[in-house]
Structure formats: structure tokens, C-alpha cells
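Q: Numbering (numbering that gives the first Met the number 0), first residue to last: 0 to 1121. Glycine included, each C-beta is placed from N, C-alpha and C at the ideal position. Sending over a structure as C-alpha cells; questions will come in a sec.
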Amino acid sequence: MRKNKESLGQSTGKRVLCISGLVCLFLATGLAQAPARSTAQTTATVTVTFNNATLRDVIWELQKQTDFTFVYSTLDVQNVKVNKVDVVNEDVYKVLDKCLRDTKLTYTIHNGVVAIRHAEEMARTSATQQKRMVQGKVFDETGETVPGANIVVKGTVQGATTDMDGNFAFEVADGKNITLVVSFVGYSPKEVRVTGNSPLKIVLESEDQQLEEVIVTGYGTYKKSAYAGSASTIKTSEMKDVPAVSFSQVLQGAAPGVQISSASGQPGATSSINIRGMGSFNASNSPLYVIDGVPVSSGNISSTGSDAGMDIMSTINTSDIENITVIKDAAAASLYGSRAANGVILITTKQGKTGKPSVSLKADWGFSDFAMDYRPVMGGEERRNLIYDGLVADGMVHHGMTEAEARAYADGEIDDYAPVPWCGFVNWDDALFQKGSHQTYEASITGGTDKFKYYSSLGYLKQEGVALNSGLERITGRVNVDYQATKRFSLGVKSLFANVNQDVNQEGTSYTSPFYTSKSAVTPSDPVYNEDGSWNRELIRIADRNPLLSAMYDYEREHVTRAFNTAYAQYEFIDNLKLKSTLSYDYTLSKGDRWYDPRTSNGDDLNGDMKKVFYEYRKLVWENALSYQTTIARNHHLDALVGYETDMYERDFLSGESSNFARNDRNDVENGMKLEAVGGYGRSYRLVSYLTRVNYDYKNKYYLGGSYRLDGSSRLSRDNRWGSFWSVSGAWRAIEEEFLNDYKDWLSDLKIRASYGVNGTLPSDYYGYMGLSSIKEGYLEQPGILQSQLENLDLSWETNHNFNLGFDLGFFNRLNVTLEYYTRRTKNLLMDRPLSMTTGFDKYLMNIGEVKNKGVELEIRSTNISNKNFSWSTVFNLGHNKNEIVRLDGLQTEIISGSQIRKVGMPYRTFYLIEFAGVNPETGAPQFYKNKPNADGTLDRTITEDPSDDVYRIATKNADPVVQGGLSNTLSYKGFDLNFMLSYQFGGYSYDNWAQKTEHGGDDPEANIPTYYRDRWQNPGDNTNIERFILNGDVSMKSYATTRRLHSTDFIRLKNLTFGYSLPKAVTGKAGIDRVRLYVSGNNLLTWAKYDYYDPEAVSGGTAIWGTPPLRSVTFGLNVNF
């Protein structure tokens, strides 16, 4: 039940870390305010400050501070403005007199009920009539009772207040036309006609449904109806009841045009987020992250260099987030200039709310496993039988044996390739993997007065990964405080503290990677232990390294400490002319420990090896903005801003490594007897910016906007240091036109908007334009100076040109459709141009390339059902993006990069492979198209069984999906709630680079065998794409990059399913508890994939990874609010 005016405001303040002092401050204030409020209610005095507020805002505040019940018609008060009220301990009667002066309204007070209505109604009198009893019960839209609701007979002051069970009863003068006005803060007032003597059942609807969505851009907050750009907002209401361990988990499938991939599913691993395609080759493709208005660092902060990485966003507690806004076009992004070419993700954290302290407690527990059967291999018996058949085929085909002779040959050879170990066949998955687990405990408190508001939280998270020795443990604390010191001066702080510990496992083709070893290198015939109980170290394919032994004693650990603090002060010189200054300091220390134990094959030669790495990140941002808003001649609205910003970033690195340890449990660098290496460096950059923005609208119908930003960066030479970025935008709210009045019974919104602008991207290297030299050890071990980088004074910004056209439509106030078309063209692309080796260098970074993206996005939001007991809403989004290379380095029209080709006119991630022609149905041999170019430009389509026989690679499919998006549904019935989200993508492909380790067809019989060899060719006439399995085969598919390794990434996934139950308020209210909710939630519960040998989301850059795939998890939780 909403007893406060929730979700009307959005936090645009900043934060600073003073954890202990501020916690004491807000606790003292919060505990002290309870008796103060009681006194205020007894004496009917209030303390309020309002400027240019609505009468409804004032009434809500008066009701909060007193025991009075206010009754009014929404139509009477919604357009009444209160220009100025600033009183301290003032009698409530005097405040009402001041607010209603010069209006047509008046009020009466009777038995604690304040009735506000037109003055002429007060003159009405009626004859004395016989009394009658009116009684009933008030419910909210979920079916819960509403205690404290106000019931008044329309046109009188007669009425009552509902009890704890929502019941009411009172006598009224009998009459034919009796109408009750029922109201409660946070709900829309309702008029109910009394027609009989039966008890009434009255259902109030949440007023939140009528509050217009706002869009937070960092440099301002807009009503959605007034916003001309392209932005997607994920609100608290869409996040609060669905548990999310990571930030990327909140975003997946929630916004059109946003693609998320992860290099690993290990806890805390980095994620890659692309908005509207890929816009750079050598610079960053990541969006800019802005938290509470302050640009922050993002990406991998791993100090050990692990494959999984460590995402700095893992330091954020998702429960502290109020909303997320994804800015995709230039209308608002250009105000962030050189950092916004790839979009902006704005995160607004929760702020304090006026009212008594509100406490929220949360606890959940769960477990996880692979979402799909990841790269399954044959078990011991099945593998032995297949190798036996391969030996028989080898004898008959290669040695001319009869079948009987070949079987005798196989009987003698089988134990060399697939022996039955002393312990029986081994399941290495059971040895190296486990059921993952996670647990979360959180507490938060919020409250305040009209002058002082606070929000504070404390959270603990612990995850155990599915791979041994992988996990994450995190403690977070947050304090957000806003203080209205005087009528015109306000200030605040927002602080985050996080301490994160991460254990990671090696991935890829590392000898100790549990994925590489269990799926390829070690087989069911390889025991974990020898018969005498010692570790098995005779694992030839991985250099005698036992992966379980390494998992038990070796480790890689990250220790991250982050303190992110922001303070702001704002002064209003005159009405609506404000100067705001914000200072932010973000400090992160990442410390990595990598230990190779003497008992493992990694550390035995060195008698133990320890490496410690320290990264220290410091980011200081100072923002100053002068803003002014005004209304001219009632219909012209102007909003202007000028600003100045400085950004300083520093990163220091230090590492040391030693070996030869006397003890296994004293693994610190100083305890190693031999110093292996020591190193360190420092890096820094500076950014200075000037910016301005002007927005204008006429009658809230026609909108124009423009922005300009000038950035100066230390990453570029003096001549190219400054870059200009700008945008223009406009919108037409056609629904406000009079000629559409006849259609407004079904057409609730119609808006057309457009924007165009330019923003940029800086080179990733902080010193890329400089000519650099380094000191190296040369001849006779003597030091010398060597030029390491050519001077590049012409290096400049990449420029991103964005156009966006959008249409917003609404029907029946229930169905809202957003359709957008965009183009995104990146010019001056940073690319390496080849150089003659006579220069001493093979390449030179220049601004020479060009790439474009264009696409469409669709979002549909609908309220399907909304009544007193049942509600159901749906959100569907779809995004389509087409990427195309326009220009390369000016010298080449194509660049080959592994299994992909960069070619003008093609998408960036286009695959370049030998074309597989299937399996010869008569012989079982794999076949390939030659595809040799003919003189006339056609291709030679001759089929061969020898991939080295003048066979050419061709450009084929690409990694980008044609469409992707999500579908979410939220349902509630009385105390029950159900949320589920489906994510999907179609039309993309991935290349299985690791098939070189698995598709050997018998050529590598000591390796594991994938289960897809069950579908191999076995007899003449078989139609299959899997070749014959024969030991010492003629052709090894693992040696050639062919289109058979190209697989569809089409999938539909049940991303989340959450079912909850909230106990009735009539039960919890007796214990002084506002809400108790129990829930069970699942992530990645079901997946429908076109190709299911590996997870379609276990892909990075178009290549399937050999690491931790996405996980399926189930969570059981409890929320309690006081």
C-alpha cells in the first residue's frame, strides 16, 4: 500500500562517501523525528516550503504532518497553483488560508476532516432529514484492504475513516441522491453512489498509473511526452520484484537495440554491451556509464589478466538502483561529447522519501548449474565402442584386412586408445564441476522531512561458481543524503563503498582449464588418482597437468575495494535560475594474487610461484552547470543550461613475482627465495569540457532542442586536442491538435520526433600521438634506448553521426507503441595502415576508415487487464541493426582476421571460411567446394575431398542477429504476483573455433569425442554432415576452418520467471509490518536453440568461447518492509 507520494520524483543528486559519520547522522535524525511528528500532529502545526507547487502537493504534505483527513475533488485542485509557501511551525488553518486565497475554493473542518470545495457549494442548505447508516469496505486494486481511507458524503463534511481492516460505518441524512467521495494518499479519489442498504465494496486505483513517465538524461529530467530523443527506461517497478545478481542481468532483453554478451559465466565476469551495433574497430565500442549524473569508469579491472575478467559494475548493488535509462541517439548523448558515440547508460540510485523511516529487509538463497548441456562428450563405454569401430575401419580401409582380421586387430589395439582404468570410467565433469550457489542479504532504510531526506543500504552477496575454485563475495554500503538548507540553497552527498573478492578459474585452452580438459584433453579412460591414492600426473595431452589437482591448490584471486563519493551544492539565485556544482571522486584498488603450488604441475618446477599485481584507479570529476527555466506569455517554455566540466583519470600498476617457497601456506611474494620479476608504470589523462543546451516548446505541443559541447583531451596532440560535438532535435505532439479531438476516445497519444547530431570516440591509448622510446636490454646484456612508437600528431577523434526518427502512439490509455528508425555513421575511423618494414614498424594508426549502422526498433507496452483483483501488463521489444563497412585504410578493400574478413560493403563480423559441401554418401568422406575465382568473376563449384587441393575461402554469413529483443509479462492476483521474461535473437551465426580440438574424425583418438559423432556416416547411402570415424583417417576436419563450424545462434530463452506471494496487510499490519513477500525465481530456466551443442549466448565477437556458459539458477527469497 502506498502511503507516500512515491515515484513522483527522480534523483538527480550526487553522492560522496562518509559512511560512518553519515550513517550516524541519518539514524539520529530518523529516530528523533518520530516524537517531533507526534507533537506536530497534536498541535496542528506544520513546517513546509513550496515554490510554484500544485495545491495537491501541498495537501499531501499537510496530511502527512497532521492527523487531518483531506477530502477534495481532483478536478477542483489539479490546476490550482501555490506560488510560494515557506512556514515553520505554522498553524495549519493559516497555511490553508494562504493557499486558497484568490481562488474559488474554500474549506471546512469538522471532526478532523478538511473538506475543500467550491465556495458556492458552501451556501447550499438542506432540510433536516431522517438518518440512515452507510457502511462498507475499501480495497486496493490487488484486493488488499485499505486502512485509513477517507469516506465523505459529497457536498458535506460528514464522513469516516476506515479501520485496520478497511471497514467503515457512519450515519448520514437520508436522501435519494447520496454520493460518497473515497480518497487515500497515493490513490485516485473515487465517487460511489449509495443506492441501497447493502454494505458497499469500494476499490481504489493506484494514482501511480496516472503519473507520466520521466526520462533522466544526466543534464536534466524530461517528461516522456516532451522528450525528442531516443531513450529506453527500465523503472524500479520493473526491477523490484525480480532478483538480479549482476547489472547486465537487469538489462538483458529489457531494451530494444541493446545487445549483451559475456566472455564467461563465472561470478563477477565482464560483460560486453553494444547499443545499435558496432561503431569502431580499434577504439572502444562500450557505452558511457553515468551514475547519478557523474561519468564513471567501466569494463574490466582484473589485475591477474584472467579470461573471465572482473567487471567494475560488480561493485554495484542492483537493489540500490532506482531506474536505468539507455540513451541511444545524439539528442542527449552529444552533451557527453567524446565519450558518447556508443550510447549512454544512466543509472539513478534511490533517494530518500519524505515520511517516517521505512525499513526494507531482503534475504535469498539459491543454486545454479549450466543452462544447457555444454559441449557434451561420449561416456567411457560409448567412446571405447566408437574407437573400436574406428580401429576396425582402419584395418579394413588402410591395411586391406578382412572384417575378421580387422576385429582381431582392434581387439589388440583398443586398450592403447580407450583402456578401462583401475577405478572404472571417469566422469571428469563430476570431478571438476559442482552445483553453484548464491545467497544475498540486504537491509535499507529511507525517510526524511521536506528538508532532509536519506537513503542508506547495506548488502552482502556470496556466489559459488559451477567450476571448482570460482566464486564471488561482495559487501556494499550506500548512503544518499539530500538537504534543503534554506529556501534557495540545497546540498547532498551520495556514497558507495564496496569490497569484492573474486576467485576465478582458467578458461580457454589453458592446460588447467576445466572446460578444455573435460571436453577435449582428458577422457573417461584417464583416472583422477592412481591406484595407490596418489594424483595421476600422466596426462600427456595437457603436459602432465592434473586439472583437479590444480583446482585444489592453485588459485587466482581478485580483491577489489571501491569508494565512489559525490557531493553537490545548488543555489537558486532567483526563481528557476540555479547553479549546481558537483564534485566526484571514484577510487578503486584492484589487487590480484596468482599462486602455483609446489604440489601441482604448474608450480613443481619452481617449487611454488606467487605473483601479486596492484592496479590503483583514481577518477576525479568536477561539474558545474547554470540552468534557467521560464515561461513566456503562458505558452512559450524555455529551458537553458551552460556548463563546465573537468575529468582527471589516473591508473598505477605494480607487480612482483617470486618462486622457491619453503612452505606452501606462506605464499606471499616476500617469502619466495627467488625474485622472478618486478614491474610497474603509471598512466593518466585529462579532459576539459564546455557545454550548453537549449530546449524550447510552444504549448507543450511543438518542441525544439539543441546542444553543443567542446571537449579538450590530453590523448591528442595540441593541434587536434579540441573536438566539437552537437545535436539538434524536434518533436510534434500531434495528439494536442484540435483536429484530433474527435479521435481521443481511442487515440491517447501521437508524437513524431527526430534528432541529428555528432559525438565522438577517443583513441584507447592515452599517448597514441606521441613518439615514444623505451629502454631495452641489448647486445652483451647492455641497456639501450629503442624507439617503440612513431609520432602521430595527426591522430584525431572518431566522429559518430547519428540520425533518429521516432513515432509514439497510444491507444485507449492502455497500449503504447514506439517505433524508431536510425542511422549511425562513424567517420575518421581509427585503423592501422600497413607500413614498409624499412621504417622499423609494420603499422601506423590513422583516422581513415568508415562504418555505418542502420536499423529499426519497436517497443509495445500494454495494460491487458486491470481490475480490483487481477492485473496483467506486457512489454515487447524488437531491434534490427545492419552493419556495413564503408571504407577501410584506403589501401586495402579487405582485411582477413582469423575466421573473419573485414571487407567494404560487408558487415564487420563476416565469416571467411572454406565452404563445406557435406559428406559423400557413398564413402563417408567430407567434401568441400573449391570456389576458385574464374576469369569471368564466377566461382569454380567443383567438389573435392581434399581441402588442400586448390580450395579457396569465401565470405559467408555474419555474426550479427537480424532481430533480437525481449517479451516480459507482469501479472498479479490479490496477493500473488508473477513475472516472466523471454529473450530472443534470430539470424546470427557463431564460429566454433574450438572444433579444431574436437572434430577429428578419429585422427586424434586420445582426445574426447563429441556426442554429435553419434550421427556419423556408417554405411553407403547414409545422408549426414558428420564424416566417417576412422582411426588414422585420410582427412582431419580439425585442421581446416570450414562452414561446418558455422552454427546458428537463434534462440528463445526464458530469461526469468518469478512467482511471489505477499501476506495480507490485515495480517502483517497487526505486527507493524507493511509488507511480507515470499518468492521463488529462476533464470535461464528453458532454452529453445536451433543449434544446441553449445550455448548460443556463450559467444564473444562471433566466436564460441571455451569457458563458463550462462547458468540456470533458482532462487528462494523473502522481503520484509516496515
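Which of the three DSSP states is assigned to Ser-716 in this structure?
A: Note: Ser-716 maps to coil in three-state DSSP.
Q: Once the 5 residues before and after Tyr-684 are set aside, which same chain residues still bring their CB inside 6 Å of it?
A: For Tyr-684, where only same-chain residues beyond five positions count, the Cβ hits under 6 Å are Tyr-648, Ser-713, Arg-714 and Tyr-765.
Q: Of all the options Gln-134, Ser-455, Asn-149 and Val-47, which has the alpha carbon lying nearest to the alpha carbon of Thr-68?
A: Ranking Gln-134, Ser-455, Asn-149 and Val-47 by Cα distance to Thr-68 puts Asn-149 first.
Q: Given a cut-off of 8 Å on the beta-carbon distance, is the pair Glu-819 and Asn-803 in contact?
A: The answer is yes: Cβ separation under 8 Å.
Q: From Leu-844, Arg-1027 and Gly-964, pick the residue whose C-alpha is nearest to that of Lys-1054; which is it?
A: Lys-1054 has its Cα closest to that of Gly-964, out of Leu-844, Arg-1027 and Gly-964.
Q: For Gly-878, does the three-state DSSP call read helix, strand or coil?
A: Strand.
Q: Report the rounded CA-to-CA distance for Val-151 versus Glu-190, giving the unit in angstroms.
A: Taking the straight line joining both Cα atoms gives about 10 Å.
Q: Pick out the complete alpha helix (DSSP H) segments inside the region 544-624, 4 residues or longer, and give them in chain order.
A: Complete alpha helix (DSSP H) runs here, min 4: 546-552.
Q: Measure the Cβ-Cβ separation of Ala-307 and Ala-332 and say whether it is below 8 Å.
A: Cβ distance not < 8 Å, so Ala-307 and Ala-332 don't count as in contact.
Q: Between the alpha carbons of Ser-772 and Tyr-1012, how many angstroms are there, rounded?
A: Approximately 54 Å, taken between the alpha carbons.
Q: Answer with buried or exposed for Tyr-697, where buried requires no fewer than 16 other C-beta atoms within 10 angstroms of its C-beta.
A: Its Cβ having fewer than 16 others within 10 Å, Tyr-697 is exposed.
Q: Check the DSSP bridge columns for Pro-932 and list the partner residues they point to.
A: Looking at the DSSP assignment, Pro-932 forms a beta bridge with Leu-938.
Q: So, Ser-747 versus Asn-812, is the Cβ gap smaller than 8 Å?
A: Yes, Cβ-Cβ distance for Ser-747 and Asn-812 is below 8 Å.
Q: Among Asn-863, Ile-894, Arg-886 and His-879, which residue has its Cα nearest to the Cα of Leu-828?
A: Ranking Asn-863, Ile-894, Arg-886 and His-879 by Cα distance to Leu-828 puts Arg-886 first.
Q: With respect to the alpha helix (DSSP H) encompassing His-398, which residues constitute its N-terminal and C-terminal limits?
A: Here His-398 belongs to no alpha helix (DSSP H), and DSSP marks it neither H nor E.
Q: From Thr-401 to Glu-412, what does the alpha carbon distance come to, in whole angstroms?
A: Answer to the nearest angstrom: the Cα atoms are 16 Å apart.
Q: If you reduce the DSSP assignment to three classes, tell me which class Lys-743 lands in.
A: Coil at Lys-743, not helix or strand.
Q: What residue from Glu-656, Cys-422, Thr-892 and Trp-745 has the CA that sits closest to Asp-531's CA?
A: Nearest C-alpha to Asp-531: Cys-422.
Q: Would Thr-161 and Ala-1065 qualify as a contact pair, given that the criterion is a beta-carbon distance under 8 Å?
A: Taking 8 Å as the Cβ cut-off, Thr-161 and Ala-1065 do not qualify as a contacting pair.
Q: Name the DSSP bridge partner or partners of Phe-1127?
A: Residue 1127 cannot be examined here, being either before or after the span of the chain that is shown, 0 to 1121.
Q: Since Ser-357 and Asn-1120 are thought to touch, with beta carbons under 8 Å apart, how far apart are those beta carbons, to the nearest angstrom?
A: Between Asn-1120 and Ser-357 the Cβ distance is about 7 Å, and since that is below 8 Å, they are a contact.
Q: Helix, strand or coil: how does DSSP classify Trp-871 here?
A: Residue state, collapsed to three classes: strand.
Q: Touching or not, the region 1017-1031 and the region 935-954, by the rule of three or more beta carbon pairs under 8 Å?
A: Touching, no, given that fewer than three Cβ pairs across the two stretches are closer than 8 Å.
Q: Would you tell me roughly how many angstroms separate the C-alpha atoms of Asp-651 and Phe-369, rounded to the nearest one?
A: If I take the Cα positions, the gap works out to 37 Å.
Q: Taking its Cβ as the centre, do 16 or more other Cβ atoms sit within 10 Å of Asn-846, making it buried, or is it exposed?
A: So Asn-846 ends up on the buried side.
Q: Met-309 to Val-918, Cα distance in whole Å?
A: Their Cα atoms are separated by approximately 44 Å.
Q: Mind checking Ser-787: buried by the 16 CB within 10 Å criterion, or exposed?
A: Per the 10 Å Cβ criterion, exposed.
Q: Is the distance from the Cβ of Ile-326 to the Cβ of Gly-342 below 8 Å?
A: Yes. Within cutoff.
Q: What span of residues does the beta strand (DSSP E) with Thr-645 cover, start to end?
A: Run containing Thr-645: 635-660, per the beta strand (DSSP E) assignment.
Q: If you run the structure through DSSP and keep just helix, strand and coil, what is Ala-632?
A: DSSP places Ala-632 in coil when its eight states are reduced to three.
Q: Return yes when the Cβ of Gly-678 is within less than 8 Å of the Cβ of Tyr-702, no when it is not.
A: In this structure, Gly-678 does not lie closer than 8 Å to Tyr-702 by Cβ.
Q: With three or more C-beta pairs closer than 8 Å as the rule, is the region 964-983 touching the region 870-879?
A: Short answer: they touch.
Q: Whole beta strand (DSSP E) runs in the region 383-456 with 3 or more residues, listed along the chain?
A: The region 383-456 contains these whole beta strand (DSSP E) runs: 435-447.
Q: Mind the definition here: the region 1012-1022 touches the region 892-904 only if three or more C-beta pairs lie below 8 Å; say whether that holds.
A: Contact fails: fewer than three Cβ-Cβ distances are below 8 Å.
Q: Who pairs with Lys-775 in a beta bridge, going by DSSP?
A: DSSP output for Lys-775 lists Gly-783 as bridge partner(s).
Q: Taking the DSSP output, what are the residues bridged to Glu-998?
A: Paired residues: none, contrary to the question.
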